[in-house]
Ligand code: B1M
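Printed below as a string of structure tokens:
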């Protein structure tokens with residue numbers, strides 16, 4: 010079996026221990042980091058579909074996520090570049106009530122490689138914590154809020170509104186995550202939206218320039 014398929018299946022099965030070695034072997038075989046990332050994202054779609062169908066449960070979903078995170082660690086040096094200019098600090102996190110962080114971490118990685126210093130607030134970030142982080146960290150030029158659940162879309166709205174109402178200035182807000190759309194981003198007053206990690210980095214640069 011081609012190594013890329015082995016990566017895909019091993020992520021689906023949550024084989025955290027063997028995924029890093031398989032990803033490295035697939036790179037050595039000539040697969041690109043982008044191809045391998047896409048394979049792992051596809052695995053997560055399969056996992057999501059199996060969860061929806063009641064074929065697997067939260068623990069299996071969690072193991073698959075851990076396996077993907079391990080694979081992404083190996084890919085990181087191949088996905089990111091060396092940015093020469095500093096575009097300021099980006100505060101990133103996943104909104105309140107939401108524990109999904111793989112997408113947020115990928116977005117953070119790509120925004121960092123576009124030239125931002127990163128402050129990662131983690132997951133389940135309450136609206137007030139975004140404001141504190143902007144105050145505490147100098148030169149914040151970008152705030153990046155991720156949300157993966159339809160049930161946490163209101164938390165995304167609350168985060169954006171709380172940040173805007175804080176009166177703090179000098180930064181733009183970008184939002185994204187599977188259920189988020191450009192229309193929703195407009196509706197909640199975000200400055201930008203991106204559908205994936207690559208476009209988030211492009212949008213981030215556009216917003217602060
Ligand atoms: Co959850 N989960 N999950 N889950 N989970 C989904 C999202 C779901 C679609 C699965 C399904 O039912 N098919 C579903 C949501 C349904 C909905 O809201 N309509 C779901 C559910 C229901 C749940 C629970 C409620 C399950 C339960 O407990 N009954 C629960 C909620 C917990 C909580 O957050 N409070 C839950 C829990 C979990 C785990 C903890 C087990 C685990 C997450 C572990 C972790 O992240 N460390 C998990 C996982 C792994 C998934 C799936 C399978 C994979 C998510 C993922 O990492 N995808 C997911 C199914 C799926 O996505 N198909 C699912 C890969 C990742 C690279 O993609 O995160 O979409 P994504 O990020 C992309 C883009 O969205 C975008 O760029 C990224 C990279 O290209 N993006 C941004 C993301 N953030 C961005 C920010 C930006 C711009 C772009 O700007 C700032």
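Numbering (the numbering used here), first residue to last: 10 to 218. Beta carbons: idealized from backbone N, C-alpha and C, even for Gly. Source: prediction; values computed, not measured.
Starting from residue 155, trace the beta strand (DSSP E) in both directions and tell me its first and last residue. Segment 149 to 155, the beta strand (DSSP E) holding residue 155.
Compute every distance between the C-beta of residue 85 and the non-hydrogen atoms of the ligand B1M, then say whether any falls below 8 Å. Residue 85 Cβ: outside cutoff for every heavy atom of the ligand B1M.
With 16 other CB atoms within 10 Å as the buried threshold, where does residue 218 fall? It counts as exposed.
DSSP bridge partner residues for residue 102 (one or two, in chain order): According to DSSP, which records beta bridges pairwise, residue 102 is partnered with 154.
Within 8 Å, do at least three Cβ pairs link the segment 161 to 175 to the segment 114 to 121? Touching, no.
Three Cβ pairs or more, each shorter than 8 Å: is that satisfied between the segment 110 to 117 and the segment 67 to 83? A contact exists between the segment 110 to 117 and the segment 67 to 83.
Determine the burial state of residue 37: buried for a count of at least 16 other Cβ atoms within 10 Å of its Cβ, exposed for fewer. Residue 37 comes out exposed.
Length of the line joining the Cα atoms of residue 27 and residue 42: Answer to the nearest angstrom: the Cα atoms are 17 Å apart.
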